[in-house]
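Numbering (the working numbering), first residue to last: 1033 to 1154. Glycine residues also receive a C-beta, built at the ideal position from the N, C-alpha and C atoms. Working notes, structure below.
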């Protein structure tokens, strides 16, 4: 029994679901912490797609993995890589701008921990 195998997938499944649903319901709450307090129709569409749809489907994939051992390692690897891509994007942005604000840094650290935990469960 390990945290990565037994708890991390459930925590990530719940976290992605909250992110996804919250992005549909409170889309401007997502972007306000990044200095974008209001969104155009196109901006709301982007948040709903990238945070909403992505989050809900990642949650569904993790749910499938929890109940289908045949798919588990592939799904966990895919989730780890997706989170790793977010970490890479934030890190590259930090390097280009030579600065990172508190919320992007918080999410960079959270995504790093989550990617590592789900990768350990592969």
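Worksheet item: From 1061, 1129, 1146, pick the residue whose C-alpha is nearest to that of residue 1155; which is it?
Response: Since the first and last residues shown for the chain are 1033 and 1154, residue 1155 lies out of range.
Discussion item. Please return the same chain residues whose Cβ sits closer than 6 Å to the Cβ of residue 1152, not counting the five positions on each side in sequence.
Written reply: 1036
Worksheet item: What did DSSP end up calling residue 1130 once you bin it into helix, strand or coil?
Response: coil
Practice prompt. Report yes if the CB atom of residue 1154 is closer than 8 Å to the CB atom of residue 1044, and no otherwise.
Written response: Not in contact: residue 1154 and residue 1044 (Cβ atoms no closer than 8 Å).
Item to complete: Please confirm whether residue 1114 and residue 1087 have their CB atoms less than 8 Å apart.
Response: The answer is no: Cβ separation not under 8 Å.
Worksheet item: Should the stretch 1080–1097 be regarded as contacting the stretch 1054–1069, the criterion being three or more beta carbon pairs within less than 8 Å?
Response: In short, these stretches touch, since the Cβ pair count reaches three.
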